[in-house]
Amino acid sequence: MSHSQLYPLEINSATGEPFFRLPSPNDNIIITPPRAKDEQAVVPILNDPGVYQWLEGPPFPYTPEHAASWIPLIVNAAKAVLDELKEEECVNPGGPLKAVGDCPVRMIREVKKDGTDVYIGDIGFRRCLYEDVLDPKERKEVIAANDRKEVGDPTICWSIGNYLAPSHHGRGIMSMAFGLLLGAWAIPRMKVRSMRGYTFVGNTGSVRVFEKNGYILKGIVDNGKVVRGEKKLLNVLYWNYQESKSS
Ligand SMILES: CC(C)(COP(=O)(O)OP(=O)(O)OC[C@H]1O[C@@H](n2cnc3c(N)ncnc32)[C@H](O)[C@@H]1OP(=O)(O)O)[C@@H](O)C(=O)NCCC(=O)NCCS
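Right, here's the structure in full:
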């Protein structure tokens with residue numbers, strides 16, 4: 001049976017926006033592409049100590065100007081994947097599902113009773129930064145070699161970045177969101193077969209999200225990282241498609 005190139009994303013019949021819905025009991029949570037108006041919603045969450053203390057990437061304090069540079073980048077990245085798939089549908093109707101280099105949905109939203117939704121977090125895939133390769137020259141080389149690999153190459157090593165508003169922590173939302181994106185999109189559509197995860201030591205919640213999705217904790221590394229003036233040790237976790245299937 002042939003599927004739309006957006007399979008298995010659902011489509012919002014009112015807006016045409018593709019989305020995934022989390023399973024029960026979190027079925028009021030959806031994951032959609034970024035939207036231009038997310039610029040306002042990300043700022044308070046990324047300034048919350050329950051979030052920023054565990055993140056390295058986003059600047060702190062996180063300003064509306066930071067959001068104004070970041071959100072258009074991810075809106076365009078998601079649009080590029082969706083456009084590529086729509087184009088494939090036209091050029092090769094009924095053809096096999098095309099492998100792509102990213103997941104077009106990443107923004108986690110809570111759907112309210114009146115049908116409106118509220119932005120509550122983000123989960124995005126990126127190619128691995130090899131934080132556990134300690135020699136700087138070797139690290140630069142493995143990152144460059146991984147970045148050069150073609151879309152759909154199963155030897156690409158991936159990582160994720162994620163956060164959730166503290167109002168929604170501890171309800172199983174991120175564990176489910178990651179499991180859903182992995183099984184429904186990353187494995188079948190991006191051919192993700194290998195991933196590494198890194199968290200600041202002490203970030204038990206994040207380690208558990210990885211472990212619940214089949215990662216194995218390999219140990220702790222000190223790669224000299226200093227974030228906002230504080231030295232950070234990193235938990236290192238590995239995920240492998242074959243091992244995750246047999247566990
Ligand atoms: C890490 C984070 C994404 C987890 O999201 P979440 O939806 O709250 O996680 P879940 O509810 O799916 O919980 C997953 C597991 O972690 C545990 N957990 C969650 N928060 C925890 C905490 N603060 N301390 C200890 N355990 C915690 C849960 O009990 C659950 O484990 P269990 O099933 O064994 O009981 C969220 O806490 C967050 O946004 N933190 C700040 C940003 C961040 O750390 N991002 C990741 C950077 S590497």
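One point on numbering: in full-length UniProt numbering, the residue at position 163 of the sequence shown is 163, and numbering is uninterrupted.
All residues carry an ideal CB built from backbone N, CA and C; glycine is no exception.
This structure is a prediction, so every number in the text was calculated from the model and none was measured.
Out of Thr116, Asp48 and Leu234, which has the shortest C-alpha to C-alpha gap to Glu131?
-> Put simply, of Thr116, Asp48 and Leu234 the residue whose alpha carbon is nearest the alpha carbon of Glu131 is Leu234.
Compare the Cα-Cα distances from residue 257 to each of Asn203, Ile108, Leu6 and Gly115 and report the closest residue.
-> The first residue shown for the chain is 1 and the last is 247, placing residue 257 beyond what the model contains.
Please state if the CB of Ile220 and the CB of Val201 are separated by a distance shorter than 8 Å.
-> Inclusion of Val201 and Ile220 in the CB contact set at 8 Å is warranted, their separation being smaller than that value.
Where does Leu237 land, buried or exposed, given buried means 16+ other C-beta within 10 angstroms?
-> The residue in question, Leu237, is buried, as its Cβ has 16 or more Cβ neighbours within 10 Å.
In whole angstroms, what is the alpha-carbon distance linking Trp185 and Glu138?
-> Roughly 31 Å separates the two Cα atoms.
Output yes or no for whether 8 Å exceeds the beta carbon distance between Pro33 and Glu17.
-> It is a contact, given that the beta carbons lie within the stated cut-off.
Could you check which residue in Asp102, Glu88, Leu134 and Arg196 has the C-alpha nearest to that of Gly224?
-> That would be Leu134, whose Cα lies nearest to the Cα of Gly224.
Decide yes or no for the touch test of the segment 98-118 against the segment 21-33: beta carbon pairs closer than 8 Å, at least 3 of them.
-> Contact between the segment 98-118 and the segment 21-33 is present: three or more C-beta pairs spanning the two stretches fall below 8 Å.
Ignore the nearest five residues each way along the sequence and tell me which others in Asp122's own chain have a CB closer than 7 Å to its CB.
-> Cβ neighbours of Asp122 beyond the five flanking positions: Arg106, Met107, Ile108, Asn162 and Tyr163.
With a floor of 4 residues, list each alpha helix (DSSP H) that falls wholly inside the segment 13-81, ordered by position along the chain.
-> Within the segment 13-81, the runs of alpha helix (DSSP H) at least 4 residues long that lie entirely inside it are, in chain order, 38-46 and 49-52.
Going by CA-CA distance only, name the one from Arg196, Val118, Asp27 and Gly205 that's closest to Ala41.
-> Closest option to Ala41, Cα to Cα, is Val118.
From Val209 to Gly197, what distance separates their C-alpha atoms?
-> Across the structure, Val209 and Gly197 are spaced so that their CA atoms are roughly 10 Å apart.
Counting pairs of Cβ atoms below 8 Å between the segment 83-90 and the segment 1-11, do you hit three or more?
-> Result yes; three or more Cβ-Cβ pairs closer than 8 Å.
Just to confirm, are Pro166 and Gly57 a CB contact at a threshold of 8 Å?
-> No, the Cβ-Cβ distance between Pro166 and Gly57 is not below 8 Å.
In angstroms with no decimal places, state the Cα-to-Cα distance between Phe19 and Glu10.
-> Between the alpha carbons of Phe19 and Glu10 lies a gap of roughly 5 Å.
Give me whichever residues DSSP pairs with Asp117 in a beta bridge.
-> Looking at the DSSP assignment, Asp117 forms a beta bridge with Val111.
Opening and closing residue of the beta strand (DSSP E) in which Lys218 lies = Unbroken beta strand (DSSP E) run through Lys218: Ile216 to Val221.
Assuming Val81 and Val100 make a contact with CB atoms under 8 Å, what is their CB distance in whole Å?
-> The C-beta separation of Val81 from Val100 comes to about 5 Å, placing the pair in contact by the 8 Å criterion.
Identify every run of the alpha helix (DSSP H) within the segment 155-203, keeping only runs that are complete inside it and at least 4 residues long; order them along the chain.
-> If you keep only unbroken alpha helix (DSSP H) runs of at least 4 residues inside the segment 155-203, you get 173-181 and 187-190.
Regarding Met174 and ligand 3, is the C-beta to nearest heavy atom distance less than 7 Å?
-> Looking at this structure, you won't find ligand 3 anywhere; what it does contain is ligand 1.
Would you say the beta carbon of Asn12 comes nearer than 7 Å to a heavy atom of ligand 1?
-> Not under cutoff, so the answer is no.
Residue ranges of each alpha helix (DSSP H) within the segment 120-149, 4 or longer = Here the runs fully enclosed are 136-148.
Own chain residues within Cβ distance below 7 Å of Ala77, not counting five before or after = Setting aside the 5 residues that flank it on each side, Ala77 is surrounded in the same chain by Asp102, each with a C-beta closer than 7 Å to its C-beta; the list follows chain order.
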